[in-house]
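Data block below; observations after.
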Amino acid sequence: MSDFSFKNIENEFNVAGRVALATPGAILDEVQKDWATNKSKLLTTTLESAAIGYATGFAFKSAPAAALLATGVLAGIGVISKTAPMFGDAWNANSDAQRNSLVNKYSLDFGKTGATMAEGLPGFMLGGKAASISLARSEALQNFAYKNITKPIEFPIQEQIAFRGPGATMLPEGTLKAGSVDALKLSETLAPKSGAELARSLDLQTGRASRIFTGKEFEVTPKFEDRSGRALIHTHPTEVGPRPGLYDLTATQDLGIIRSGDYRTFYIGQKGLGSGEAQLKALILDDANKQAFLLHNRPGTNGYTWQHAAPQYVEYEGATSALKSLDVKNAWSQFESIPKAAPSANLEHLKIAAGQKLGG
């Protein structure tokens, strides 16, 4: 039985290896034959491939993780469906004549498949490029893709990868309490850093922290939307300072946290509100000077800044105490109830309140 099994395996390797060597030539022969005698097939293949390329390009632009997963599954099914019969037939091909017959049969079969792929490649690439261009230029297409592909398909996959894949961790012990969270411990899940901005999502229901997302120098975007029951933490370069921008507010559902140098900002998310509606509501800790202040600014006329409001100083110890037991849904009420402190003449705080760069 052992010798018989090894012979069967030898048959499979013999046929598969010879088919692999013969297939490139079979592909070339098939392409040359189509070019000489069947140009209508080439045209049909090009048009069909362009349509497939457009759909594929649209999918990869709108939902890259989902598209990659689907492509991998389909490719795997395709490979298995093509190769499984060959290995099955080769198992008992004990003579040279049987093996030669199988090599001719399957190299011709794979040659036809490979020729179709080669003939369709230019159309596929053009279709993919057309999808990329049309998505970049059409706001209507972007909205359609976001509503029907990115949000319902891509985001859930990216969330699973972010919270269960490499880099995901549990929140620090003692962070979650009955009806509240320790926001100071939440702020420790991401350290301030120079260079590209970093971000991660903190799930206050499962107690998990997502992997860290790396953005650009002044921008970072997690690959899924923030939602209720989570906190969103990210870094700002020291020179930008700890004040949230409009996008920070409108990308955050409940609680947002910013780490920037010696500052920690805890702000109220304004997701769903547009320019002219979102208010800046934030508690900022200056850990170096043991000071804390609130910012509450109404929207400015241009929609991207706020009307000026001076820092409202509160007790640093009172602020840290409130943050250690924070009701995320009523965070601003807790911030406003922190005992007030005497105004400070700290010029850097005034720059932060005014949205000016620091260090200049």
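Numbering of the sequence shown is given in this note's numbering, commencing with residue -12 and proceeding in unit increments. In this text, a Cβ means the ideal position worked out from N, Cα and C, and glycines have one as well.
Quick one, are the C-beta atoms of residue i and residue j less than 7 Å apart?
i	j	result
S247	H221	no
T252	I245	yes
A50	I120	no
A102	E17	yes
T156	A196	yes
S167	S312	yes
T33	G110	yes
T10	G65	no
L171	L270	no
Q145	K210	yes
D274	D249	yes
What are the boundary residues of the alpha helix (DSSP H) that includes residue i?
i	result
H336	334 to 341
Y254	Note, Y254: premise wrong, no alpha helix (DSSP H); beta strand (DSSP E) at 250 to 255.
Q240	Where Q240 is concerned, there is no enclosing alpha helix (DSSP H), given that its DSSP letter is neither H nor E.
D83	83 to 124
L267	No alpha helix (DSSP H) holds L267; the beta strand (DSSP E) holding it covers 267 to 273.
G154	It is not in any alpha helix (DSSP H) - G154 carries neither H nor E in the DSSP assignment.
If we ignore side chains and look at the alpha-carbon of each, how far apart do residue i and residue j end up?
i	j	result
A328	A117	60 Å
R352	N130	One cannot answer for residue 352 here, as it falls past the ends of the chain, which runs -12 to 347.
Y93	K28	22 Å
L282	D169	21 Å
S(-11)	N91	With a pLDDT of only 47 at S(-11), under 50, the local geometry of the prediction cannot be trusted, and the value read off the model is given with reservation. When rounded, the distance between both Cα atoms is 29 Å.
F200	P231	18 Å
K26	L55	32 Å
K138	G243	21 Å
R151	P143	12 Å
K268	A62	50 Å
Q85	A23	32 Å
V60	A38	20 Å
L191	G12	59 Å
L219	K134	22 Å
D83	A105	31 Å
R217	G75	52 Å
H336	K180	20 Å
E323	L158	27 Å
A165	A132	40 Å
S360	M112	The structure shown does not extend to residue 360, since the chain is modelled only from -12 through 347, so no value can be given for it.
Would the beta-carbon of residue i be found less than 6 Å away from any heavy atom of the ligand GTP?
i	result
T225	Inclusion of the ligand GTP in the displayed structure is not the case, the ligand content being empty and no account of it being possible.
Give every residue of the same chain whose Cβ lies closer than 7 Å to the Cβ of residue i, excluding the five residues on either side of it in the sequence, and list them in chain order.
i	result
A265	L233, L236, T237, Q257, P286
A296	L282, H283, N284, A340
K277	Y303
E206	E184
G4	none
A306	L270, L272, A279, I325
G154	R198, I199
L128	S121, L122
S331	Q278, Y300
E175	P159
So residue i packs on residue j, CB below 8 Å; how close in whole Å?
i	j	result
A279	V301	5 Å
N(-2)	W78	6 Å
T225	G346	7 Å
G107	Y41	In fact, because the Cβ distance is near 13 Å, the residues do not count as touching under 8 Å.
A149	S188	7 Å
E160	A52	Wrong, their Cβ atoms sit about 31 Å apart, outside the cutoff.
T162	L173	6 Å
For the beta strand (DSSP E) containing residue i, list its first residue and its last residue.
i	result
K172	Careful: K172 lies outside any beta strand (DSSP E), inside the alpha helix (DSSP H) at 170 to 174.
R217	217 to 222
N284	278 to 284
V301	299 to 301
D190	185 to 190
With a threshold of 8 Å on Cβ separation, who are the neighbours of residue i within its own chain once the five nearest residues in sequence on each side are excluded?
i	result
D96	K69
W319	I255, K268
N81	K(-6), N(-2)
Once you ignore the five residues that flank residue i on each side, which residues in its own chain have a CB closer than 6 Å to its CB?
i	result
G44	G115, A118, S119
K344	E226
V6	V90, Y93, S94
P298	F280, H336, A340
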